[in-house]
Amino acid sequence: MDSVAADWARSGLAYLTGPQDGPPDYSRAAVLTEARRVSADICALTGVEVDAAAVLTGRAAL
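Residue numbers (this note's numbering): -15 to 46.
This is the structure in structure tokens:
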């Protein structure tokens, strides 16, 4: 498993995007990498730290 997919798995997003009764989905793993890049840009511009994985998984916690 490459580092992008491993990061996706550690975040819990692989399990959230996979079918309910099936295996985790790693096909969207690059989304987290891009979200982390955007959150770094937000922090650089505003000083506000944004946890990209928490933003992407937040609704599942409700």
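Using N, Cα and C, we set each Cβ at its ideal position, and we do this for glycine too. These numbers come from a predicted model, not from an experiment.
Check your understanding: Less than 8 Å separating the beta-carbons of Ala36 and Arg20?
Key -> Contact: yes.
Point to revise | Contact set for Pro8: own chain, Cβ-Cβ below 8 Å, skip 5 residues either direction | key: Ala(-7), Ala(-2), Tyr(-1), Thr1, Gly2
Review point. Is it true that the CB of Val(-12) sits closer than 8 Å to the CB of Ala14?
Key: yes
Review point. Which same chain residues, not among the five before or five after Ala27, have their C-beta less than 8 Å away from its C-beta?
Key: The amino acid occupying residue 27 in the given sequence is Cys; Ala does not appear at that position. Once the five neighbours on either side are set aside, the close Cβ partners of Cys27 are Glu33, Val34.
Practice item. In the DSSP assignment, find the alpha helix (DSSP H) that holds Val32 and state where it starts and stops. Key: Careful: Val32 lies outside any alpha helix (DSSP H) and carries neither H nor E.
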